[in-house]
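Just below is one structure, and these are the notes that go with it.
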Amino acid sequence: MLPATVPAPRRVVVPLLVVYLAAVGAVTLTPGRTHDGSLGVVRTVLAWLDERGVPLRFEVVEPLANVVMFVPFGVLVGLLVGLRRWWAVVLLGLATSAAIETVQRVLPDRFSTVQDVVMNTLGAAVGVAVLAWVVARAGRTRPGSASADPGRVTSEG
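Converting from the sequence shown to my numbering requires adding 264 to each position, the first position being numbered 1.
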């Protein structure tokens, strides 16, 4: 059983979430910067890795980056909402990603895709799963934890 809430001070989590969302907005909602060479740098790094036997392709890195970008969303929102409502965290990740992709439709040099929504939502789910794992692990290793069932997570607070 997951705890209803995770003991985390809102005064810490809320500012972190605001900064995180501002960074996501800066990355996803500013007009595309195709002229600054940033994709060229990514492609150069991928080519360098390929020459050394690491066959990463942009078509793989880009979706993975979308997953990774939303992992903090799952953790931070999970801390605020609580793990018993993990599904709400995932739905909020879906809604946030859908809103971003909708705005991107009208921005120059931006491309809105369903794949991005799916990958971002997966990232939120991974984030809340990581949070649940950390909380469960902390509950099992906490000194004085009286849980007879090692799969049961308890929360004080």
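Where a beta carbon is used, it is the ideal one built from N, C-alpha and C, also for glycine.
For clarity, every value in this text was computed on a predicted model and none was experimentally measured.
Identity of the residue in Glu-323, Ala-393, Leu-328 and Val-332 nearest Trp-351 by Cα: For Trp-351, the nearest C-alpha among the options comes from Ala-393.
Would you say Ile-364 and Leu-293 are within 8 Å of each other, going by their C-beta atoms? If you check the CB distance, Ile-364 and Leu-293 come in under 8 Å.
Flag this pair as yes or no: are the beta carbons of Val-335 and Gly-391 separated by less than 8 Å? Going by C-beta atoms, Val-335 is nearer than 8 Å to Gly-391.
Using the Cα positions of Leu-347 and Val-332, report the straight-line distance between them to the nearest angstrom. Rounded to whole angstroms, Leu-347 to Val-332 spans 20 Å at the Cα level.
Hey, could you find the ends of the alpha helix (DSSP H) Val-354 is sitting in? In the DSSP annotation of this structure, the continuous segment of the alpha helix (DSSP H) that includes Val-354 starts and ends at 350-368.
Using 10 angstroms around the beta-carbon of Thr-405, count the other beta-carbons present and answer buried if the total reaches 16, otherwise exposed. Flag for Thr-405 reads exposed.
Look up Thr-292 in the DSSP assignment and say whether it is helix, strand or coil. Three-state DSSP puts Thr-292 in a helix.
So, for Ala-402: in the same chain, excluding its five sequence neighbours on each side, which residues have a beta-carbon less than 7 Å away from its beta-carbon? Within the same chain, Ala-402 has no close Cβ partners at all.
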